[in-house]
Amino acid sequence: MKFIVTGATSFIGSHTVKMLLEQGHQVCAVVRPGSSNADKLEYYDNLSVVWQDLSGLNRLIEDKECRDADIFLHFGWDGIGSAGRNDPEIQKKNLEHSMQAVKTAQELGCGRFLFSGSQAEYGIHRDAMTETSSCSPVSEYGKAKLEFGRRAMAELEGAQMDFIHARIFSVYGPGDHPWSLVNTALSTFLSGGHMELGECTQKWNFLYIEDMAGAVISLALGLAPRQSGVYNIAGNDTRILREFVEEIYELCGKRGSFSYGLRPPNAEGPASLIPDIKKIEEATGWKPAVSFADGIRSMLPVQKE
């Protein structure tokens, strides 16, 4: 199969591209000109790179590297940091670029379009989040992701191209942003430092990056035709966030120290993550395979270098 992938050098994009290439698929990676993350791509014979900004996705139609693509994976999205997530102008542009991606995929004749949504679309919940749960996003980021999913689904009603809205929860692993909770905890504890945290009393869920890539590919390839819709992608281990922090501390040899209740909540507020993943499991047979402890162990050599 041939895939077009925007956001191909992002954390989730680069791991998904690598897995696709290792499985023998052709990948056309859409990368911003001058991207500082281009070195995240591992070059295989079945990889081609198209240098294009998100604002110019319509130009992919004219690029010979994008011809005869079967599936379009749209990971490209600006403003993912705390400030950008609440910037309405950045998120409005993301919405516009993403609608252009849908039109481009249709014109290229792709049979399936998969979009990386977010748990931020749900807003603050205190109970299990299923694909039919109410959505009341707090951040502009969550609002834009939700609005794009709704617009794209309406645009493609009755069309030949399937639309898969993958709502991705909290992913960790090698290559994640250095400011993520997991990476911050690892670097702080391994260096013997002190980490100041929020209350960390909410429920949380983590999914290892390789499992996430496998989930995306299972949706892209494993669904029968006309199975458009929303699918949660998350782990199967939901606990109080403090338990995850303390497990990282244990795996770092109890080096360093930490304190709770000293940091304000992020842009989405003090939300709990209690994802329900029955839908993707039943539709594709995918299940998370890597435990949180094993995922952290895989990151320890990287952090120690």
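In numbering that gives the first Met the number 0, the protein residues as written are 0 to 304. Glycine is no exception: its CB is placed at the ideal position from the N, C-alpha and C atoms. This one's a predicted model, so the numbers in the text were calculated from it and none came from an experiment.
Quick one: using the 10 Å Cβ neighbour count with 16 as the cut-off for buried, is residue i buried or exposed?
| i | result |
| --- | --- |
| GLU41 | exposed |
| GLN90 | buried |
| TRP178 | exposed |
| LYS17 | buried |
| PRO224 | exposed |
| LYS253 | exposed |
| GLN6 | This sequence places Gly at residue 6; Gln is not what is there. So GLY6 counts as buried. |
| ASP161 | buried |
| LEU59 | buried |
| LYS144 | buried |
| ARG84 | buried |
| SER138 | buried |
| PRO300 | exposed |
| PRO274 | buried |
Can you give the beta carbon distance from residue i to residue j, rounded, assuming they're within the 8 angstroms contact cut?
| i | j | result |
| --- | --- | --- |
| GLY122 | GLY148 | The Cβ separation is near 14 angstroms, so there is no contact. |
| HIS193 | SER256 | 5 angstroms |
| ARG296 | LEU250 | 7 angstroms |
| ILE163 | SER97 | At roughly 14 angstroms, the Cβ-Cβ gap does not stay under 8 angstroms, so ILE163 and SER97 are not in contact. |
| ASP77 | LEU53 | 7 angstroms |
| LEU196 | VAL244 | 7 angstroms |
How about residue i and residue j: are their beta carbons less than 7 angstroms apart?
| i | j | result |
| --- | --- | --- |
| LEU222 | ALA153 | no |
| ALA37 | VAL29 | no |
| ILE167 | SER115 | yes |
| ASN45 | LEU20 | yes |
| ALA165 | ILE70 | no |
| LEU272 | GLN118 | yes |
| ASN204 | THR237 | yes |
| PHE10 | ASP175 | yes |
| ILE3 | ALA68 | yes |
| ASP62 | VAL48 | no |
| PHE188 | TYR248 | yes |
| ILE208 | HIS14 | yes |
| GLU146 | LEU113 | no |
| LYS278 | GLU156 | no |
So who's on the other strand from residue i, going by DSSP bridges?
| i | result |
| --- | --- |
| GLY116 | ARG166 |
| MET128 | PRO274 |
| ASN204 | THR237 |
| ASN231 | ARG166 |
| VAL101 | DSSP, once it has assigned bridges, lists no residue as partnering VAL101. |
| LYS1 | GLN25 |
| MET194 | PHE257 |
| TYR171 | TYR207 |
Taking 7 angstroms as the threshold (beta carbon to beta carbon), is residue i in contact with chain B?
| i | result |
| --- | --- |
| ASN57 | Among the chains of the structure shown, chain B does not appear; only one protein chain is present. |
Self-check item: Whole runs of the beta strand (DSSP E) within the stretch 242-295, excluding any shorter than 3 residues
Solution: 256-258
Exercise. Enumerate, from N- to C-terminal direction, the unbroken alpha helix (DSSP H) stretches of 4 or more residues contained entirely within the stretch 16-66.
Key: none
Quiz prompt | Unbroken stretches of the alpha helix (DSSP H), 4 residues or longer, contained in the stretch 129-154 | solution = 139-154
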